[in-house]
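Residue numbers (my numbering), protein chains in the order written: chain L, 1 to 245; chain Z, 1001 to 1318. One structure below.
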Amino acid sequence: MKILVCITHVPDTTSRIAFTDDHTKFDSNGVQYIIGPYDDYALARAVELKEELGASITALHVGGPEADPTIRKALAIGADNAIRVNVQGEDSYHVAQQIAAVAKEHEYDLILMGRESIDFNGGQVHGMVGALLNIPSISPVMKLIIEDGVAHMAREIEGGKELVEVPLPLVAGCQEPIAEWKIPNMRGIMSARSKPLEIVAPIDSESRTSTLKFQLPPAKGSVKMIGADQVEELVTLLKNEAKVL
Amino acid sequence: MSILVFVEGDQGKIKNSSREAVSYAAAMEQSPVVALALGSFQATELETLGTNGADKVLHASSAQLDQGIIQAYASVWAQALEQSDADTLVLAKSALGDAVAARVSVLSNASIGSNVVELPDTSDGFKVKRSIYSGKAFAHMKLNSDRRILTLNKNAIELKTDGESAQVEQFNPELNQQDFKVTITSTDRATGEILLPEADIVVSGGRGLKGPENWHLIEDLALALGAATSCSKPVSDMEWRPHHEHVGQTGLKVSPSLYIAIGISGAIQHLAGVNSSKVIVVINKDPEAPFFKAADYGIVGDAFEVVPKLTAAINSSK
Ligand SMILES: Cc1cc2nc3c(=O)[nH]c(=O)nc-3n(C[C@H](O)[C@H](O)[C@H](O)COP(=O)(O)OP(=O)(O)OC[C@H]3O[C@@H](n4cnc5c(N)ncnc54)[C@H](O)[C@@H]3O)c2cc1C
Ligand SMILES: Nc1ncnc2c1ncn2[C@@H]1O[C@H](COP(=O)(O)O)[C@@H](O)[C@H]1O
Chain L
1 MKILVCITHV PDTTSRIAFT DDHTKFDSNG VQYIIGPYDD YALARAVELK EELGASITAL
61 HVGGPEADPT IRKALAIGAD NAIRVNVQGE DSYHVAQQIA AVAKEHEYDL ILMGRESIDF
121 NGGQVHGMVG ALLNIPSISP VMKLIIEDGV AHMAREIEGG KELVEVPLPL VAGCQEPIAE
181 WKIPNMRGIM SARSKPLEIV APIDSESRTS TLKFQLPPAK GSVKMIGADQ VEELVTLLKN
241 EAKVL
Chain Z
1001 MSILVFVEGD QGKIKNSSRE AVSYAAAMEQ SPVVALALGS FQATELETLG TNGADKVLHA
1061 SSAQLDQGII QAYASVWAQA LEQSDADTLV LAKSALGDAV AARVSVLSNA SIGSNVVELP
1121 DTSDGFKVKR SIYSGKAFAH MKLNSDRRIL TLNKNAIELK TDGESAQVEQ FNPELNQQDF
1181 KVTITSTDRA TGEILLPEAD IVVSGGRGLK GPENWHLIED LALALGAATS CSKPVSDMEW
1241 RPHHEHVGQT GLKVSPSLYI AIGISGAIQH LAGVNSSKVI VVINKDPEAP FFKAADYGIV
1301 GDAFEVVPKL TAAINSSK
């Protein structure tokens, strides 16, 4: 089985978000970059599937060379090889076209992604890739078992989950508890250095949106503290001041 | 040109978030607003979409569409876009809506703006403001295609309720069996509870509650408020509560009018899922808990004492 895992290179979840150049650029000063947490779940499940059934895992990222350490981490966790499409992703459609081009060339049985990226939170790329390849896309997937070429999945729905069966190939947007996050061990880190990371040129493709400006939410006013034995006071404030009851 | 709005149901009722989406389309003042409903619905339920601003409702009532098969829905939406000559498709953000919208954007050559938080600016092109970095920032984006799809965050617009009743028309899309390769074998959905993404008030519990046996504290308060319940990640990791209740960076992002956090420390990854709530109340026994910095109202105290009192106070204030 050939598995493709698409990973993002995103600010660590504890990062302070700030912008520069008159709010037109993300301020990466002092920001640590990680594999997107949802992509990390996808990768962890791919590694388990490899152990269970045998598989080859390719990690794919669309972006510039600054992401190479993040891609190496995916190799250390258990991907066998990696591809970086050497272009800055402009929007989800632009990225999806690049991923679909790689997928067409290599014909993967299973394409795993995160449910959403944690920078733009679009949750779009998996569906777009599914449509571009004309194969099913399922998200958000919280359980994934492969048996005789059929994927058995639990998909989260509002208020619960549904069980879904789809013959391969397919694209899945993953979330917990599909697998436990894996931390690379020393052997993984050593072997990652010699695993192939192929840099490929992008295909011609379009984007359909442009980002004009960023904005931070207004600063939160200070908290109003209420005594633990004055809960009636809180009820009154929520009714009359905040007007939410 | 019209605006098409996809409306989702839950146990036969139109979801409130979908009514918000119809209100949003109506407020764009670029009528007519055509709502699209798939699967079994009562006509009387669909007509009420008019009160939210729909001029017409298209109903594809085939039982094959009762289940949310992503690929099949995508092809039906794309046909509806084509046939209703709509240049804009609006829907409320949801697990199903997001998954379908992405495919439709490819099928119908549409730009997509997700997690939109307010009405578009159409003075020069089509611009939307959307939430990014899990609610920690916004981006102003221009959607450049002739067609676009907007997925809306909760509270992107005030619900409209004063419209007339709407006409319901049968819509008979072509159903391609190729799109039904996906089989949904079972659905496990809590009945009767208020859906978390829909809720206007959310009561949330963390590790400070000590164990699942104490969740009646959260549930009683939620019942008194007509609220949905949610939890922090460790709580769903330890299976004290089901996964779909977990909010935060790796869970659901909610934006209710009121979020009450009980026994939750307020880690940055938790805040990422709740910081767009209008008003936040924090109850925590530790005065240094970081959540107080993100709160509007705070009580330092033991949840086991404060919460039952608060529940009683709410009940007696009704
Ligand atoms: C990549 C990543 C993603 C993450 N995503 C999420 C996410 O999506 N959602 C999420 O929630 N977390 C997430 N986390 C985890 C997060 O960092 C915190 O560990 C978690 O939110 C803590 O949960 P908690 O507040 O319930 O528990 P704790 O941090 O243990 O806090 C318990 C709180 O309860 C208070 N307390 C104890 N007893 C009482 C009492 N009797 N009465 C009142 N208060 C009491 C304590 O003072 C304390 O503040 C993520 C972490 C990582 C690394
Ligand atoms: N630049 C990228 N390179 C590789 N994969 C990506 C990229 N952007 C998004 N993805 C994948 O698509 C998923 C959904 O992303 P998004 O639609 O941006 O929320 C992510 O979790 C990744 O698996």
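Cβ atoms here follow ideal geometry from the backbone N, Cα and C, with glycine treated the same way.
Here Pro37 of chain L has Thr13, Gly114, Ile118, Trp181 as same chain residues with Cβ atoms under 8 Å from its own Cβ, once five neighbours each way along the sequence are excluded.
Excluding the 5 residues flanking it on each side, Gly173 of chain L has same chain C-beta neighbours closer than 6 Å at Met113, Arg115, His126, Ser139, Pro140, in chain order. The C-beta distance from Thr1044 of chain Z to Asp1162 of chain Z rounds to 19 Å, too long to fall under 8 Å, and the pair is not in contact. Ala242 of chain L belongs to the set of residues whose beta carbon lies under 7 Å from a beta carbon in chain Z. The DSSP-derived three-state label of Gly1263 of chain Z is coil.
Counting only Cβ-Cβ distances below 8 Å, Phe1138 of chain Z has contacts in chain L at Phe214, Gln215, Leu216, Pro217, in chain order.
The beta carbon of Met1238 of chain Z does not come within 7 Å of any beta carbon belonging to chain L, so the residue lies off that interface. Pairing Gln1071 of chain Z with Tyr1133 of chain Z, the inter-Cα distance amounts to about 28 Å. Taking a contact to require three or more Cβ pairs closer than 8 Å, the region 1226-1241 of chain Z and the region 1290-1305 of chain Z do not qualify as touching. For the options Z:His1244, Z:Leu1046, Z:Leu1221, the alpha carbon positioned closest to that of Ile1283 of chain Z is the one of Z:Leu1221. Between Val235 of chain L and Ile1314 of chain Z, the C-beta spacing is below 7 Å. Summarising the contact set, residues whose Cβ lies nearer than 7 Å to any heavy atom of ligand 2 are, in chain order, L:Cys6, L:Ile7, L:Thr8, L:Gly36, L:Tyr38, L:Asp39, L:Ala42, L:Leu60, L:His61, L:Val62, L:Gly63, L:Gly89, L:Ser92, L:Val95, L:Ile99, L:Met113, L:Gly114, L:Arg115, L:Glu116, L:Ser117, L:Phe120, L:Asn121, L:Gly122, L:Gly123, L:Gln124, L:Val125, L:His126, L:Gly173. Distances from the CA of Glu1029 of chain Z to each of Z:Ser1002, Z:Val1182, Z:Ile1280, Z:Pro1287 were compared; the closest alpha carbon is that of Z:Ser1002. DSSP places Thr236 of chain L in the helix class (H, G or I) of the three-state scheme. In this structure, Asn1284 of chain Z has its CB closer than 6 Å to one or more heavy atoms of ligand 1. The beta carbon of Glu90 of chain L lies closer than 7 Å to those of Ser207 in the same chain, with the five residues before and after it left out.
Counting of Cβ neighbours within 10 angstroms places Val150 of chain L among the exposed residues, the total staying below 16.
Of all residues in the region 129-144 of chain L, the ones placed with a Cβ closer than 7 Å to any Cβ belonging to chain Z are Gly130, Ala131, Leu132, Pro136, Ser137, Ile138, Ser139, Pro140, Met142, in chain order. Taken through DSSP and simplified to helix, strand or coil, Val1022 of chain Z comes out as helix. Contact annotation, Pro177 of chain L with Met142 of chain L: C-beta distance approximately 6 Å; criterion of less than 8 Å satisfied. For the region 1094-1114 of chain Z, the set of residues with a beta-carbon nearer than 9 Å to any beta-carbon of chain L comprises Ser1094, Ala1095, Leu1096, Asp1098, Ala1099, Val1100, Ala1101, Ala1102, Arg1103, Val1104, Ser1105, Val1106, Leu1107, Asn1109, Ala1110, Ser1111, Ile1112, Gly1113, Ser1114, in chain order. The distance from the Cβ of Ser1094 of chain Z to that of Asp1066 of chain Z is about 16 Å, inconsistent with a contact at the 8 Å cut-off. At a cut-off of 7 Å between beta carbons, Pro169 of chain L makes no contact with chain Z. A direct Cα-to-Cα measurement between Glu107 of chain L and Leu4 of chain L gives close to 9 Å. Residue pairing by DSSP places Gln215 of chain L opposite Z:Phe1138 in a beta bridge. Non-local C-beta neighbours of Val129 of chain L in its own chain, meaning closer than 6 Å and more than five positions away in sequence, comprise Ala96, Ile99, Ala100, Val171, ordered along the chain. Selection L:Leu216, L:Asp148, L:Leu212 evaluated against Pro169 of chain L yields L:Asp148 as nearest (Cα-Cα). Secondary structure note for Lys1127 of chain Z: its beta strand (DSSP E) is the uninterrupted segment 1127-1132. In terms of beta-carbon proximity, Val223 of chain L lines the interface with chain Z, with at least one pair separated by less than 7 Å.
At a cut-off of 7 Å between beta carbons, Val235 of chain L contacts chain Z. Distance check between Gly221 of chain L and each of Z:Val1033, Z:Val1279, Z:Val1300 places Z:Val1279 closest, using alpha-carbon atoms only.
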